[in-house]
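Residue numbers (my numbering): 12 to 398.
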Ligand SMILES: Cc1ncc(COP(=O)(O)O)c(C=O)c1O
């Protein structure tokens, strides 16, 4: 079977909701994917920021294999040492005082539960969100996603009131906040929008406005968290601590997992039955989370992200690229031609990249293990493509 025929097979049996790329990955090693038709692609997109350790990482593969052999699943109805250790290590990785973890399966589910916690613990009914943000496709997460209600929201009405403020507009943020606001939800680096990092000033103003109005500050670090910014979370980089932090994507390196991380004030107000999930916190996901955090720490990946990010900024503004934005290894390359054209041209050169909500921004979400040799390949391909 070649890539085209497997693509046809899949589209015959699945819902036609994805625009798929014209190759089938069948294996991978490090930053490279192997395709069914025998090509090797440098993957700078990581399945939407998920493959944070690349492919075939020995520690991650071993952890998943060993846990699968030992016990593939039990739910939260029983305590498990591997879950306790994953929660402890994640709390240790997160900003100080965010030391209580609720494990789920995806980014949208994490945001859904973060918002629920905010409504429950404040007794309020309104949310402030930021223009351009993407928070997921489930009811509450999509309600705080910019533009969803006008296009793909798909539910008959919004579940609660939402006010959007323009990015980095501190006066608008202050005007939108009042004591009926349960939560302000912020994506500190807006990934889907095209790697737009919100200013530290805006994030600090969000913290102060929340303190003034008794509102809970939620950082959605589903895409920008887990080391991708060159810090464990952007919260630590900008020294602004949210009340609730959500993460997913790279959390378990490719195994589905998400997390809501908060502190004792919110945790102590909860009772049995307030939140729940069947699969969240399953032992294989927990073993994978542990392997990811151990690799980030033991392989110096935060430092590597910072070094490689600087190298991309210094060497890849050439050919069709006019500038670089974002943080760490969540980068947006501004392109003179449409980003889609540049993505297709890079694919011809054996490099996989991604598009974004901005038609002139190409998104890079490579593994945190990326090396300078990979950046050289990207810079040289961009040079070959030309303006
Ligand atoms: C910032 C952010 N939040 C939430 C989500 C939703 O995550 P998931 O697709 O795992 O539900 C995404 C997905 O792209 C995201 O980028």
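Note that CB positions come from ideal geometry on N, CA and C, so glycine has one too.
Given the structure is predicted, the values throughout are model-derived calculations rather than measurements.
These are the residues, in chain order, with a beta carbon less than 6 Å from any non-hydrogen atom of ligand 1: 59, 117, 118, 119, 122, 145, 146, 147, 198, 202, 203, 231, 233, 234, 259. Residue 222 counts as exposed, since fewer than 16 other beta carbons sit within 10 angstroms of its beta carbon. Residues 34, 361 of the same chain have their beta carbon placed closer than 8 Å to that of residue 50, with the five preceding and five following residues left out of the count.
When 148, 186, 187 are compared, the shortest CA-CA separation from residue 169 is found for 148. In the structure shown, residue 45 adopts extended strand secondary structure according to DSSP, grouped into three states. In the three-state reduction of the DSSP assignment, residue 369 falls in the coil class. Taken through DSSP and simplified to helix, strand or coil, residue 161 comes out as coil. Counting only runs of 3+ residues, the beta strand (DSSP E) found wholly inside the segment 50 to 78 occupies 51 to 54, in chain order. Counting of Cβ neighbours within 10 angstroms places residue 83 among the exposed residues, the total staying below 16.
In the DSSP assignment, residue 195 falls within the unbroken beta strand (DSSP E) covering 192 to 197. When DSSP states are grouped into helix, strand and coil, residue 150 belongs to the helix group.
Taking 9 Å as the cut-off, the Cβ atoms of residue 306 and residue 30 do not count as close.
Taking one beta carbon from each stretch, the segment 308 to 325 and the segment 273 to 283 have fewer than 3 pairs nearer than 8 Å; the two do not touch.
Residue pairing from DSSP leaves residue 340 without any beta-bridge partner. Taking a contact as a CB-CB distance under 8 Å, the pair residue 97 and residue 301 counts as one, their CB atoms being some 5 Å apart.
A Cβ-Cβ separation of about 6 Å places residue 242 in contact with residue 313 under the 8 Å criterion. Under the three-state reduction of DSSP output, residue 172 falls in the strand class.
In this chain, residue 135 is not harboured by any beta strand (DSSP E), its DSSP state being neither H nor E. In the DSSP assignment, residue 347 falls outside any beta strand (DSSP E), carrying neither H nor E. Counting along the chain, residue 224 sits inside the alpha helix (DSSP H) bounded by residues 211 to 224. For residue 264, the secondary structure class from DSSP, reduced to helix, strand or coil, is strand.
The three-state reading of DSSP puts residue 36 in strand, counting E and B together.
Following the DSSP letters along the chain, one finds residue 94 inside the alpha helix (DSSP H) bounded by residues 92 to 104.
In the DSSP assignment, residue 111 falls within the unbroken beta strand (DSSP E) covering 111 to 115.
Per DSSP, residue 288 has no beta bridge partner at all.
When the five nearest sequence neighbours on each side are left out, the beta carbons in the same chain lying within less than 8 Å of the beta carbon of residue 217 are those of 184, 195, 197, 228, 251, in order along the chain. The residue from 43, 367, 121 with its alpha-carbon nearest to that of residue 201 is 367.
In terms of Cα proximity to residue 130, the closest of 393, 214, 255 is 255.
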